[in-house]
Each structure stands twice: as structure tokens, then as C-alpha cells.
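Engineer:
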């Protein structure tokens, strides 16, 4: 994955993040204090959530140093350095203790998702915590916003190696991870997996 393409995709999606954050806020538990965002597509959604969740503390987990450097620069520029921790971690195993986060976001997940990653996501969620895993513009993003960026977004995703996943493939992945009792698939505004840890 080229850093320049990742940065451009994040910038391109800037108008989408406030709408996508609204969908995330509906899913996260009330009073969420600790939120983890995973992967190289992180940043924009965390920054949008930080504006509407002033008491939450955010962590971004990403393996690549160059991506972390860019995230740190952007976070400082936005004045979020004191509320955001950027941590080096692979997706499996995640470099966090069990039951560490109230909420978890993994956008662009289908580039990477497998049963081990799903189990790791479940492991780091607190009891009562929820995760939103998947991809798409979200159900609140207006069609004119989507139309304005869809073409370039598709090209960038293709260059970055995007993989598409069908609903039945995601269902099979959840079953194989042994998490079918705590997951719900949502197809509004993309393909999303909502994980709840009871």
C-alpha cells in the first residue's frame, strides 16, 4: 500500500466522516470512554468522533511506521494529541490486553479480515462493548457527497488492493470464528459487522 494513496483516500473521504461517525455513535455503548480504531485507513473517523465525543479517549492501532507518523502529524495539527494514542500493532495478535476498549472501529476491514482478526477484536472489547467492522459510505452519507468522490475512491481502493466480500462470505467467517452469537450483519450504507461482547 502506497502512503500517498492512503493519505489521498483519507482526504477524499473527509466529507464522509461526520456522517459515518453518526452511524458509529448509534452503535457504540452509551458513555463510551475508550475507542480503538484499527488499520491503515484509520484517522478520519476517529477525528470526526473526537468532535462529538469530548470525553472519550482514542487509540489507533497500526503496524506501519510511515502511516503512524502521518497520523501523529495530523493529530497534532487537529489539536488531538492529548486524547489520541497511536500504537504500533499487527492485526493479529493485537498489542492490547483483553477487555481494554468500550468501542472498536475497523473501516476498510475486508482488505485484511480473517477469523483470527475477528477473535482478536472480540478479545479486546470490554464486556458490554461494541465493534463496527467493515466498509462503506455509511447510511447517513448523502448521495451527492458519495457521487462526488465515488469514482476516485474506487480507483484508489483498487490500487491499494481492495478485496470485496459478499454477505454469505462474512457469515461464514463469523461462524468459523465462533462468534455467530454476538455478531449482526448490517448492509445499510455498505457491509458492516456489529460485534457485541456481553
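Numbering (the working numbering), first residue to last: 2 to 199.
Ideal Cβ positions, reconstructed from N, Cα and C, are used throughout, including at glycine.
1) Helix, strand or coil: which one does DSSP assign to residue 59?
2) Which same chain residues, not among the five before or five after residue 139, have their C-beta less than 6 Å away from its C-beta?
3) Using only the alpha-carbon positions, how far apart do residue 49 and residue 168 sit?
4) In the DSSP assignment, find the unbroken beta strand (DSSP E) run with residue 128 in it and report its ends.
5) Sorted by chain position, which residues of the same chain lie with C-beta nearer than 8 Å to residue 96's C-beta, five sequence neighbours on each side aside?
6) With DSSP as the reference, identify every bridge partner of residue 187, one or two as the case may be.
7) Checking the sheet assignment: what are the DSSP bridge partners for residue 106?
8) For the stretch 153-172 against the stretch 26-37, do three or more pairs of beta-carbon atoms, one drawn from each stretch, fall closer than 8 Å, so that the two count as touching?
9) Out of 10, 58, 176, 196, which one is the CA nearest neighbour of residue 68?
10) Hey, how far is the Cα of residue 98 from the Cα of residue 2?
11) Using the Cβ count rule (16 or more neighbours within 10 Å means buried), how would you classify residue 110?
12) How far does the beta strand (DSSP E) with residue 88 in it extend, from its first residue to its last?
Structural biologist: Put simply:
1) Here residue 59 corresponds to residue number 58 of the chain shown, with the count starting at 1. In this structure, residue 59 counts as strand in the three-state DSSP scheme.
2) For this step, residue 139 is matched to residue 138 along the chain shown. So the qualifying residues of the chain are 20, 21, 24, 190.
3) The residue you call residue 49 lines up with position 48 of the chain shown. The residue you call residue 168 lines up with position 167 of the chain shown. Taking the CA atoms as reference points, residue 49 sits about 28 Å from residue 168.
4) Translated into positions along the chain shown, residue 128 becomes position 127. Under the DSSP assignment, residue 128 falls in the beta strand (DSSP E) whose first and last residues are 126-136.
5) By 1-based counting over the chain shown, the position of residue 96 is 95. In the same chain as residue 96, and ignoring 5 residues on each side of it, the C-beta atoms closer than 8 Å to its own belong to 62, 88, 89, 90, in chain order.
6) As a position in the chain shown, residue 187 is number 186, starting the count at 1. Answer is 193, bridged to residue 187.
7) Walking along the chain shown from the start, residue 106 turns up at place 105. DSSP output for residue 106 lists 38, 133 as bridge partner(s).
8) Short answer: they don't touch.
9) For the purposes of this step, residue 68 is taken as the residue at position 67 of the chain shown. Comparing Cα-Cα distances from residue 68 to each of 10, 58, 176, 196, the minimum goes to 10.
10) Translated into the one-based positions of the chain shown, residue 98 becomes position 97. Translated into the one-based positions of the chain shown, residue 2 becomes position 1. For residue 98 and residue 2, the distance between alpha carbons rounds to 28 Å.
11) Translated into the one-based positions of the chain shown, residue 110 becomes position 109. The residue is buried, with at least 16 neighbouring Cβ atoms inside 10 Å.
12) By 1-based counting over the chain shown, the position of residue 88 is 87. First-last of the beta strand (DSSP E) with residue 88: 85-89.
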